[in-house]
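Numbering (the numbering used here), first residue to last: 3 to 305.
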């Protein structure tokens, strides 16, 4: 078995680079891993199914390495060094660098889902509509200063200017149509720097579609706070629709930008399938957000 260390020097504030992680890995008993950069296009040619790829970077870097690990059958390990680090939250990874490296050295693995959109995969969330703005337009300096809160700042900056777009969402249990402010398709339980998706998990074999209708700012903020405080999907609301399904199709009247795990990846239509348990990762548990005990398969807000 070989350990590979893949670093993204541009992730986060740049303080947790290669030397930082090499010291902690060595203290945990992992000496002289094969160090590579993402810019080296051929780094994965010698990757074996028994190898472990350790990624020091944000969610975008983790996404790129995950696709390689899935194809090769290798194990993915994460050293969160980005702005949001949502996938590490899904795995319940410890925050302390030394504890992270010791977990990797112990080799405790689990399997998680990935979302396949045809041209690639994502681990956290894909966005259509207003949710794409942070990835497309968030300022680099602002992102370094505000960290994960830069996502919320960018959304609030544009909120009043958004009238929404028409789209149809098709899933296993039905179809919902309307005008939307944002549509998110999630594979895990977190997005946007720690926002929880109610009743979700990165290993439940389900996608979670969260669609938000254009509404006044106060109404949108109230709905967001209620979801955040109650940690469950609202059952009767004219603002938000929450659907669980193994696959979904988002079709818009005009092609719209799609972002996945923080990067621009394609344009609509967006077809996503959940590949259950198809990625092996280092981690002691998968986080599941609170469940309300209600019917997860209803389509609220359509009446």
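Just so it is clear, CB atoms sit at the ideal spot from N, CA and C, and this is done for glycine as well.
Please read these numbers as outputs of a predicted model, since none were measured by experiment.
Residues sharing a beta bridge with residue i, DSSP
{"i": "residue 185", "result": "130, 213"}
{"i": "residue 253", "result": "170"}
{"i": "residue 82", "result": "59"}
{"i": "residue 31", "result": "According to DSSP, residue 31 bridges with nothing at all."}
{"i": "residue 244", "result": "212"}
{"i": "residue 268", "result": "260"}
{"i": "residue 176", "result": "173"}
{"i": "residue 282", "result": "113"}
{"i": "residue 277", "result": "116"}
{"i": "residue 198", "result": "192"}
Where residue i sits in the DSSP three-state scheme
{"i": "residue 113", "result": "strand"}
{"i": "residue 121", "result": "coil"}
{"i": "residue 226", "result": "helix"}
{"i": "residue 65", "result": "helix"}
{"i": "residue 97", "result": "coil"}
{"i": "residue 70", "result": "helix"}
{"i": "residue 142", "result": "Any reading at residue 142 needs caution, since the residue's pLDDT is 49, under 50, leaving its predicted position unreliable; the model's value is listed next. Helix."}
{"i": "residue 39", "result": "strand"}
{"i": "residue 106", "result": "helix"}
{"i": "residue 21", "result": "helix"}
{"i": "residue 263", "result": "coil"}
{"i": "residue 7", "result": "strand"}
{"i": "residue 90", "result": "helix"}
{"i": "residue 49", "result": "coil"}
{"i": "residue 287", "result": "coil"}
{"i": "residue 54", "result": "strand"}
{"i": "residue 294", "result": "Because residue 294 carries a pLDDT of 40, less than 50, the predicted location of this residue cannot be relied on, and no value is offered for it."}
Nearest to residue i (by Cα), restricted to the options the options
{"i": "residue 204", "options": "246, 132, 219", "result": "246"}
{"i": "residue 174", "options": "199, 209, 189", "result": "209"}
{"i": "residue 255", "options": "91, 197, 285, 167", "result": "167"}
{"i": "residue 39", "options": "68, 108, 110, 6", "result": "6"}
{"i": "residue 19", "options": "57, 3, 48", "result": "57"}
{"i": "residue 287", "options": "69, 96, 129", "result": "96"}
{"i": "residue 265", "options": "78, 200, 133", "result": "133"}
{"i": "residue 3", "options": "200, 188, 54", "result": "54"}
{"i": "residue 35", "options": "240, 8, 68", "result": "8"}
{"i": "residue 170", "options": "224, 130, 65", "result": "130"}
{"i": "residue 75", "options": "86, 67, 50, 94", "result": "50"}
{"i": "residue 206", "options": "195, 225, 92, 100", "result": "92"}
{"i": "residue 270", "options": "116, 185, 285", "result": "185"}
{"i": "residue 87", "options": "197, 116, 21, 44", "result": "197"}
{"i": "residue 262", "options": "119, 222, 110, 48", "result": "119"}
{"i": "residue 41", "options": "22, 25, 10, 27", "result": "10"}
{"i": "residue 280", "options": "201, 48, 253, 71", "result": "71"}
{"i": "residue 115", "options": "98, 176, 69, 165", "result": "69"}
{"i": "residue 192", "options": "24, 94, 46, 27", "result": "94"}
{"i": "residue 26", "options": "98, 188, 283", "result": "98"}
{"i": "residue 221", "options": "135, 242, 202, 211", "result": "242"}
Chain C contact for residue i (CB, 8 angstroms cutoff)
{"i": "residue 37", "result": "Among the chains in the structure shown there is no chain C, since it carries only a single protein chain."}
Closer than 8 angstroms is the cut-off here; do at least three beta carbon pairs connect the segment 101-111 with the segment 27-42?
yes
Quick test of the definition: if touching needs 3 or more C-beta pairs under 8 angstroms, does the segment 117-126 touch the segment 285-292?
no
Indicate whether the contact test is met: 3 or more Cβ pairs, each with one atom in the segment 171-189 and one in the segment 215-234, closer than 8 angstroms.
yes
So does the segment 243-258 actually touch the segment 267-276, counting three or more Cβ pairs closer than 8 angstroms?
yes
Are the segment 61-69 and the segment 80-93 touching, with three or more C-beta to C-beta distances below 8 angstroms?
yes
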